[in-house]
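full-length UniProt numbering numbers the first residue of the sequence shown as 1 and each following residue consecutively. Read the structure below first, then the notes.
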Amino acid sequence: RPPPKGKRTDTRCQSPSLPTDNAMEGGAQQSSLWEPPEQDGGPGERDGGEGLPEVKRSQPLFIHGSSRQPPQEEPRASSLPSIPNPFPELCSPSNSPILSSPALGQGPPREGTSHVVKVFGEDGACRSLEASAGTTARQLCETLVRRTRALHDHSWALVELHQHLALERCLEDHESVVEVQSSWAPGADSRFVFRKNFAKYELFRSTASLFPEVMVSSCLEANKSMAHSELIQNFLNSGSCPEVQGFLQLREAGRKVWKRFHFSLRRSGLYYSTKGTSKDPRHLQYFADLTESNIYYVTQGKKLYGTPTEFGFCIKPHKVRSGVKGLKLLCSEDEQSRSCWMAAFRLFKYGMQLYRNYQQAQARLSQPPWIGPTPLVSVPRSPQPLARGDPPVTPPCPPQRSVSDNALVAMDFSGCTGRVIENPNEVLTAALEEAQAWRKKTTHRYSLPAACHSSPLSAGEARAHCPTGVPAPGWGPPKPDTPLPAAIHRTQPWFHGRISREDTQQLMGRQGLVDGVFLVRESQRNPKGFVLSLCHLQRIKHYLILPSEEEGRLYFTMDDGQTRFADLIQLVEFHQINRGILPCKLRHYCTCVAL
1 RPPPKGKRTD TRCQSPSLPT DNAMEGGAQQ SSLWEPPEQD GGPGERDGGE GLPEVKRSQP
61 LFIHGSSRQP PQEEPRASSL PSIPNPFPEL CSPSNSPILS SPALGQGPPR EGTSHVVKVF
121 GEDGACRSLE ASAGTTARQL CETLVRRTRA LHDHSWALVE LHQHLALERC LEDHESVVEV
181 QSSWAPGADS RFVFRKNFAK YELFRSTASL FPEVMVSSCL EANKSMAHSE LIQNFLNSGS
241 CPEVQGFLQL REAGRKVWKR FHFSLRRSGL YYSTKGTSKD PRHLQYFADL TESNIYYVTQ
301 GKKLYGTPTE FGFCIKPHKV RSGVKGLKLL CSEDEQSRSC WMAAFRLFKY GMQLYRNYQQ
361 AQARLSQPPW IGPTPLVSVP RSPQPLARGD PPVTPPCPPQ RSVSDNALVA MDFSGCTGRV
421 IENPNEVLTA ALEEAQAWRK KTTHRYSLPA ACHSSPLSAG EARAHCPTGV PAPGWGPPKP
481 DTPLPAAIHR TQPWFHGRIS REDTQQLMGR QGLVDGVFLV RESQRNPKGF VLSLCHLQRI
541 KHYLILPSEE EGRLYFTMDD GQTRFADLIQ LVEFHQINRG ILPCKLRHYC TCVAL
């Protein structure tokens, strides 16, 4: 029937609507084919259009110019780099440097991505660094040495520490830091610690002391022409690792019971004999694989695992991420035996790569530590022994400088304008004069009271030691005509102040029990004395340093006045060149840097 008056039906097609954002993202360039908007009501419901047949119109389709999926169905590209988290401590578990990301802990990290690595110092402070997937432990250590302005040498190391398991190990120079971090369990109390490790390459320096003959006797018997000191050289020439054997305490799985077995470390793995020291294949029991596990020091063995001695170590397979289950705990009789097993394990696992790391470290030290026409080096004072009959001494080799000091040159500002000193002899003379001037300045600044001389007590501490609160007659300011020693030893990296005997042994044990490792601290029993703690044959010995006054001057001595030194710096420098009454020379000083 005709439409009513005043109303007419619009038979024209609706004008196309503007394209939406989703349409622009999902498809390619489209022509005028757009999907019309939906109308309120069902089909055929028009004003006065009841009973009209349903009009079927063709619906436009989206035309995709490429095979790309729609945005709602397109997964995120795996090649996109992950954005490093600038605040890892806000979205990570407590005290955990692991980022709260699904990529961590699920296989090796992707190349080309950046990751945040948190490194802790021995004082508990931490620093976050951005590292790529291929960053090695040596590269990260060099970065930290450069930023902390520490003395550059190959003894700096990155230590993997699992505090909840009381396990720690030193990362090798070629290991990937991000790969090691990705193997940690989320939420575990694991971290990296930046500190010294003087025993890292000791197996290439002192083979005889690290590998006792009783532990490599079978290897020496098989090669009668080879001497004990040629074990490492034979490995470098032929690639054959020495077989190490000896008794170890083994903890049974799931129990706190320790049993003693005879172990043998070979290229194929670690074995123990079920019948005494027999090496018959029927009696050898396979214990651990070398390639699929790492070896760790046990720091609190008696407390957590009930080890019979303090010299425990652990073999942790790669598949074990958290928990005690799966750990293979061992315990040796002494520190020398444990060091031998640890060194042999590293040698069997890494082989020639370990020696290449050592060669690269030596090559970095042999490079000139200066840039410019004249090397500017730190020249220590030549210590003159005060006892008669002592041999003459020669100045030690100058220490390596950090990268931040490489651009320094010696300058002379005595004239109207400065000039670069190019004569090496003149450089040494200028350095000695500057050191002497610095010493005079610090002597006046850090002068001590006349009564205690060597005790670094302040005026407030001096009044606290007096019962009446009034200083004694000897506590007055020093006389101008009385030369007093200075507390300049406090500025030295080997001086650790009032550290206890137990803390000293723990610190030196963490940094490697190598002959010549030392530090100087204040004596807790003698308020006027100091203590020189020295490591020899993997044992720590303590030597008391007492003040000795003669003709109004104060000296320091360790042998009842036979050899006297003006201050502690002269004492340390002398024993770095001459052994004196010590069992060995002072080689490496324990130090801690603040990150």
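Glycine included, each C-beta is placed from N, C-alpha and C at the ideal position.
query	result
Do you know how far the Cα of M411 is from the Cα of S322?	57 Å
Just how far apart, CA to CA, sit R364 and L586?	23 Å
If you follow the alpha helix (DSSP H) that E142 is in, where does it begin and where does it stop?	137–148
Would you give the residue range spanned by the beta strand (DSSP E) that N237 belongs to?	Per DSSP, N237 belongs to no beta strand (DSSP E); it is in the alpha helix (DSSP H), 231–238.
Kindly give me the distance between the Cβ atoms of S572 and W494, rounded to whole angstroms, as I take these residues to be in contact under 8 Å.	At residue 572 the sequence reads Val, which differs from the Ser that was named. Contact holds; Cβ gap of about 7 Å.
Tell me which same chain residues have a C-beta within less than 6 Å of the C-beta of H588, skipping the five on either side of it?	F198, G516, V517
Quick one: give me the first and last residue of the alpha helix (DSSP H) that G306 is part of.	Here G306 belongs to no alpha helix (DSSP H), and DSSP marks it neither H nor E.
Per the contact definition of three or more C-beta pairs closer than 8 Å, is the stretch 315–334 in contact with the stretch 239–252?	yes
Ignore the nearest five residues each way along the sequence and tell me which others in E172's own chain have a CB closer than 8 Å to its CB.	A137, R346, Y350, Q353, L354, N357
What residues are listed by DSSP as bridge partners for I545?	F530
Can you tell me the Cα-Cα spacing of H115 and G134, whole angstroms?	10 Å
Express the C-alpha separation of L519 and F287 in angstroms, rounding to a whole number.	40 Å
Expressed to the nearest angstrom, what Euclidean distance is found between the alpha-carbon atoms of A509 and I545?	In the sequence under discussion, the amino acid at residue 509 is Gly, which differs from the Ala named in the question. Those two C-alpha atoms are separated by around 22 Å.
With a threshold of 7 Å on Cβ separation, who are the neighbours of G418 within its own chain once the five nearest residues in sequence on each side are excluded?	M411, D412
Alpha carbon to alpha carbon, how far is S533 from F211?	25 Å
Put C331 into one of helix, strand or coil per three-state DSSP.	strand
Short check: CB of M536 to CB of P583, under 8 Å?	The question names Met, but residue 536 in the sequence shown is His. Closer than 8 Å, so yes.
When the Cβ atoms of the stretch 297–313 are set against those of the stretch 276–286, are three or more pairs found closer than 8 Å?	no
Give me the DSSP bridge partner(s) of E550.	R553
List, from N- to C-terminal side, the beta strand (DSSP E) runs of 3 residues or more that fit wholly inside the UniProt domain "PH" (241–350).	244–251, 258–266, 269–273, 284–288, 293–298, 312–317, 328–331
Go through its chain and collect everything with a Cβ distance to G497's Cβ below 7 Å, but skip five positions before and after it.	R521, E522
Comparing alpha-carbon positions, which option in Y555, K528, F192, P242 lies nearest C340?	P242
Quick one: what does DSSP say A131 is sitting in, helix, strand or coil?	strand
Under 8 Å between the Cβ atoms of L554 and F530?	no
My output table needs one value for V427: the three-state DSSP class, helix, strand or coil.	helix
Under the rule that 16 or more other beta-carbon atoms within 10 Å means buried, what is S337, buried or exposed?	buried
Nearest to I488 by CA position, among I499, A566, L513, is which residue?	A566
With 16 as the cutoff for other CB atoms within 10 Å, does R195 come out buried or exposed?	buried
Going by Cα to Cα distance, which pick from V593, T563, S155 is closest to A361?	S155
Grab me the residues of T143's own chain with a C-beta within less than 7 Å of its C-beta, minus the 5 sequence neighbours each way, in chain order.	L129
Cβ of E168 within 8 Å of Cβ of L158?	no
Roughly how many angstroms lie between the CA atoms of Q139 and S190, to the nearest whole one?	21 Å
Can you give me the start and stop residues for the beta strand (DSSP E) that V517 sits inside?	517–522
What are the partner residues of M411, as DSSP defines its beta bridges?	V420
Quick one: what's got a C-beta closer than 8 Å to G239's C-beta in the same chain, skipping five residues either side?	G351, M352
I need the straight-line Cα distance from N578 to N423, nearest angstrom please.	30 Å
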